[in-house]
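Numbering (our numbering), first residue to last: 2 to 347. Positions of the beta carbon are idealized from the N, C-alpha and C atoms, including for glycine. The structure displayed is predicted, hence computed values, not measured ones.
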Ligand SMILES: [Fe+2]
């Protein structure tokens, strides 16, 4: 990428940063590739910066297919870094780097979503650190694929993925001592935490590049179909379809992730739990579409069984317990043999 050094007075909205801008302590406040807005430029002037490096031509296109776990990981890690700096920008400037985040939807998230091994890859690369950033990428990709299964396409699908990526940006307005508190939140702290839905909505409301679908997807992603959610306790189809889709992706991703208070669970355990416990709180049709498709998705996946054997998923009936084939060619129906279970994906 060719770069040019511009005096801050000559920088215009729409120009793209060729290198990150750091605070004195080394924290990235605007990342490489950020498209500058008038507000960003104003703030940079206030920081008394003299020059900034501007990209002379757009970054290279990413490769077209992610066929291996390594290729997936590389794109995922790049995306993670960009999301991390976007969240830092939002906390510092209280402005959403919307164009930069939207570009991710068109490039890397689109690529990840189309990877044949998406759910297996997501499951194996999970770590406990920087949960919010990973969660945003995961919810965007999972919402996207679920949207496709439901029949969305084109701009509507892109908007859904974008809403998935943005769904928790309100957390950048929550004090870090509450956001990162390792112990149980008090009632007051919980109330502040829950305000991330409204905060995210308010941040997006002043941005020209959003629309009603995206705004409601973000605002209502913690509403429940039985009316027990927040912020408003609305129910059923009063909840926007984007929010109902994101809610399923959100719960699946949270339950299959390692958290401070519990280890990640296999997709099969989570799907069974969603079927038993959460069903009345999520949109039943969306939930059914998700469960039916995701189980099919894992056919051919290698797994480790609770008796220590490795096996491959060969058949998925109408329940969460697949039939597997062990290395020595034995078929085990896990619905019938409940004393054996899948402990991890290989
Ligand atoms: Fe949330």
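| C-beta atoms of residue 160 and residue 215 nearer than 8 angstroms | Yes, the Cβ-Cβ distance between residue 160 and residue 215 is below 8 angstroms.
| query | With DSSP run on the structure shown, which of helix, strand or coil describes residue 332? | reply | strand
| task | Just grab the DSSP bridge partners of residue 303 for me. | result | 313
| task | Decide if residue 1 is buried, meaning its Cβ has at least 16 other Cβ atoms within 10 Å, or exposed. | result | The first residue shown for the chain is 2 and the last is 347, placing residue 1 beyond what the model contains.
| message | Using the three-state DSSP reduction, which class does residue 322 fall into: helix, strand or coil? | response | coil
| Taking DSSP as the reference, what is the three-state secondary structure of residue 269? | helix
| message | Measuring only from the beta carbon, is residue 169 closer than 7 angstroms to any heavy atom that is part of ligand 1? | response | yes
| Hey, is the region 35-53 in contact with the region 90-106, meaning 3+ C-beta pairs nearer than 8 angstroms? | yes
| request: Find out if the Cβ-Cβ distance for the pair residue 175, residue 137 is shorter than 8 angstroms. | output: no
| query | Does DSSP put residue 137 in a helix, in a strand, or in coil? | reply | helix
| field | residue 200 in three-state terms, based on DSSP | value | Here residue 200 sits in helix by DSSP.
| CB-CB under 8 angstroms to residue 195, same chain, minus the five flanking residues each way: which ones, in chain order? | 223, 231 and 232
| message | For the pair the region 18-26 and the region 72-84, tell me if three or more CB-CB distances fall below 8 angstroms. | response | no
| Any heavy atom of ligand 1 within a distance shorter than 7 angstroms of the CB on residue 241? | no
| message | Quick check on this structure: which residue in 281, 185 and 249 has the alpha carbon closest to the alpha carbon of residue 226? | response | It is 281 whose Cα lies nearest to the Cα of residue 226.
| request: Kindly identify the DSSP beta-bridge partner or partners of residue 4. | output: 56
| query | Among 344, 192 and 165, which has the Cα closest to the Cα of residue 309? | reply | 344
| query | When burial is assigned at 16 or more other CB atoms within 10 Å of the CB, is residue 60 buried or exposed? | reply | Annotation note: pLDDT 46 at residue 60 (below 50); position unreliable, coordinate value reported separately. Under this definition residue 60 is an exposed residue.
| request: Under 6 angstroms Cβ to Cβ from residue 20, same chain only, skipping five residues before and after it: list those, please. | output: The residues are 33 and 54.
| said: Report the CB separation of residue 293 from residue 311 in whole angstroms; it is logged as a contact under 8 angstroms. | reply: About 26 angstroms; that fails the 8 angstroms criterion.
| request: Return the CA-CA distance between residue 198 and residue 168, expressed in angstroms with no decimal places. | output: 8 angstroms
| In chain order, what residues of the same chain lie with their CB nearer than 6 angstroms to the CB of residue 35, ignoring the 5 residues before and after it? | Cβ neighbours of residue 35 beyond the five flanking positions: 18, 98 and 101.
| query | In terms of residue numbering, what span does the beta strand (DSSP E) encompassing residue 31 cover? | reply | 29-31
| In chain order, which continuous runs of the beta strand (DSSP E) of length 3 or greater are located wholly inside the region 61-133? | none
| message | Any heavy atom of ligand 1 closer than 7 angstroms to the beta-carbon of residue 197? | response | yes
| residue 223 Cβ short of 7 angstroms to ligand 1 heavy atom set | yes
| field | Bridge-paired residues (DSSP) for residue 346 | value | 304
| Nearest chain B C-beta to residue 254 closer than 8 angstroms, yes or no? | No chain B is present in this structure, which holds just one protein chain.
| request: Can you grab the Cα-Cα spacing for the pair residue 331 / residue 66, in whole Å? | output: 34 angstroms
| field | Local conformation of residue 287 per DSSP, three classes | value | helix
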